[in-house]
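With UniProt numbering applied, the sequence shown corresponds to residues 1 to 369, in that order.
Positions of the beta carbon are idealized from the N, C-alpha and C atoms, including for glycine.
A short write-up of the structure that comes next.
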Amino acid sequence: MREELHYRIALTFLPLVGDVAAKKLLEVFGSASAIFQARRRELESIPGIGEVKAAAIKNFRDFYRVEAEARFLQRHHIRPVFYTDDDYPKRLQHCYDSPVLLYYKGKGDLQPEKVLGIVGTRRPTVYGSGLCRDFVKALAPHGITIVSGMAYGIDITAHQAALEHGLPTIGVLAHGLNRLYPASHARIAGQMLETGGLLSDFSSGAELNRQNFPRRNRIVAGLCDAILVVESGSSGGSLITADIACGYNRDVLAIPGRIGDESSAGCLDLVKQNKAALVTSPEDVLRMLDWRPAAPTPRPAVQSSLFLSLKPKQQDILHILSGHSQVNIDELQYQSGIPRSSMTEELMQLEMLGLVRSMPGHTYQLIST
1 MREELHYRIA
11 LTFLPLVGDV
21 AAKKLLEVFG
31 SASAIFQARR
41 RELESIPGIG
51 EVKAAAIKNF
61 RDFYRVEAEA
71 RFLQRHHIRP
81 VFYTDDDYPK
91 RLQHCYDSPV
101 LLYYKGKGDL
111 QPEKVLGIVG
121 TRRPTVYGSG
131 LCRDFVKALA
141 PHGITIVSGM
151 AYGIDITAHQ
161 AALEHGLPTI
171 GVLAHGLNRL
181 YPASHARIAG
191 QMLETGGLLS
201 DFSSGAELNR
211 QNFPRRNRIV
221 AGLCDAILVV
231 ESGSSGGSLI
241 TADIACGYNR
251 DVLAIPGRIG
261 DESSAGCLDL
271 VKQNKAALVT
281 SPEDVLRMLD
291 WRPAAPTPRP
301 AVQSSLFLSL
311 KPKQQDILHI
321 LSGHSQVNID
331 ELQYQSGIPR
341 SSMTEELMQL
351 EMLGLVRSMP
361 GHTYQLIST
């Protein structure tokens with residue numbers, strides 16, 4: 001016996017019936033199953049449907065593929081999120097061409113309070129990558145969810161920086177959840193599932209092709225309160241995302257670069273065309289979006305009276321360790337910005353105070369009390 005989920009999946013498999021037409025049908029019939037059970041004349045009478053789309057619905061027979069997809073979702077703990085579901089992302093729901101069905105894997109909230117999309121070139125400069133990390137680090141106290149497209153370059157840098165600073169991050173894919181492209185991002189994708197997740201409107205059998213990326217970009221734009229373009233050439237996917245975001249009436253922000261640099265040409269063009277506001281600091285982003293710091297989250301107890309008497313560098317180290325079971329010294333150095341020579345000295349003092357424990361492999365662990 002077919003369930004409502006089967007009809008919802010089937011709705012996305014229909015030839016010639018896209019998301020806009022599917023939502024028009026839902027307005028009339030109320031559910032996916034009711035659409036398939038409607039009479040042909042009822043379907044044909046709906047403006048924008050007509051004979052061709054009505055025939056596609058009534059002639060649909062590919063339920064074997066539908067049932068296989070439903071089994072795939074269950075087997076891999078993927079949550080189907082339908083347009084009329086309460087947990088469908090509200091920001092995206094208000095976009096005219098939003099997907100009628102999303103596939104989501106992860107524990108993160110799809111209705112976060114503050115959402116920033118970060119996009120940019122797949123070939124960033126060292127300067128651009130550093131800016132991306134710096135912005136995310138500065139935005140971390142404000143409890144923002146970071147959204148991007150899991151691509152090389154600025155996308156994966158934004159996801160990784162969000163993880164490093166304790167922010168939820170959602171990756172929007174240009175293919176089904178049966179694969180990950182690029183495959184080299186699998187480790188980061190796995191880490192994202194704990195507080196964020198992976199999202200797609202492609203079924204598991206969908207082929208990966210160039211036409212998928214603009215479709216992916218509209219979801220990135222629709223999920224967010226604003227889009228931040230870090231670096232972009234004079235053409236590319238990040239500019240497509242920015243254009244879509246403008247069409248959705250989202251704020252678009254661009255970090256300028258040096259005049260004449262190809263990696264900054266796209267950002268400068270967005271500003272010149274009044275499609276984006278120029279930002280030069282994380283504070284600009286917060287001010288433009290009127291975002292306030294999030295309520296502090298509880299941390300493991302670290303002898304609070306002693307904590308206040310520690311040096312700022314030592315407090316930074318304890319703060320980083322408090323979010324992990326163990327942290328390698330190189331990662332501590334990277335996240336804190338403390339030079340290696342100073343880091344070794346600070347860790348030794350923290351060990352003597354009984355706050356930190358040295359572990360095998362140059363890793364360190366917080367001793368909670």
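Exercise. Can you tell me the Cα-Cα spacing of Gly-205 and Leu-11, whole angstroms?
Worked result: 15 Å
Exercise. On the three-state DSSP scale, how would you describe Gly-171?
Worked result: strand
For this session: Measure the Cβ-Cβ separation of residue 372 and Met-150 and say whether it is below 9 Å.
Result: No answer is possible for residue 372: it lies beyond the span of the chain, which begins at 1 and ends at 369.
Exercise. According to DSSP, is Thr-121 helix, strand or coil?
Worked result: coil
For this session: May I ask which residues mark the beginning and end of the alpha helix (DSSP H) holding Gly-130?
Result: 126–139
Problem set entry | Nearest-angstrom Cα separation, counted from Asp-19 out to Lys-137 | 37 Å
Problem set entry | Through-space distance from Glu-346 to Ser-358, alpha-carbon basis | 12 Å
Exercise. Do you know offhand how far Ala-140's Cα is from Ala-34's?
Worked result: 45 Å
Exercise. Near Asn-212, which residues of its chain fall below 8 Å by C-beta distance, leaving aside the five closest residues on each side in sequence?
Worked result: Ala-174, His-175, Phe-202 and Ala-206
Problem set entry | CB of Gly-236 within 9 Å of CB of Gly-266, strictly | yes
For this session: Evaluate the contact criterion for the segment 142–160 versus the segment 115–134: three or more CB pairs, one atom per stretch, below 8 Å.
Result: yes
For this session: For Leu-146, name the three-state secondary structure that DSSP assigns.
Result: Position check: residue 146 holds Ile in this sequence, whereas Leu was assumed. Strand.
For this session: Return the CA-CA distance between Trp-291 and Lys-114, expressed in angstroms with no decimal places.
Result: 8 Å
Exercise. Any idea if Asp-155 is buried or exposed, counting beta-carbon neighbours within 10 angstroms, 16 or more meaning buried?
Worked result: buried
Exercise. Ser-31 lies in the alpha helix (DSSP H); which residues open and close that run?
Worked result: From DSSP, Ser-31 is part of no alpha helix (DSSP H); its letter is neither H nor E.
Exercise. With a CB to CB cut of under 7 Å and the five nearest residues on each side skipped, what residues in its chain are close to Glu-164?
Worked result: Gln-335
Exercise. Going by other Cβ atoms of all chains shown within 10 Å of its Cβ, with 16 needed for buried, is Val-356 buried or exposed?
Worked result: buried
Exercise. What first and last residue would you give for the alpha helix (DSSP H) that runs through Asp-330?
Worked result: 329–336
For this session: Would you tell me roughly how many angstroms separate the C-alpha atoms of Asn-209 and Pro-182, rounded to the nearest one?
Result: 13 Å
Exercise. How do the segment 267–284 and the segment 217–235 stand: do at least 3 beta-carbon pairs fall below 8 Å, yes or no?
Worked result: yes
Exercise. So what does DSSP say about Val-20, is it helix, strand or coil?
Worked result: helix
Problem set entry | beta strand (DSSP E) segment containing Ser-232, residue limits | Premise fails: Ser-232 is in no beta strand (DSSP E) and is neither H nor E.
Exercise. Cα separation between Lys-313 and Gly-166?
Worked result: 19 Å
Exercise. In this structure, what does DSSP give as the bridge partners for Arg-215?
Worked result: Per DSSP, none; premise fails for Arg-215.
Problem set entry | Buried or exposed by the 16-neighbour rule on C-beta atoms within 10 Å, applied to Glu-194 | exposed
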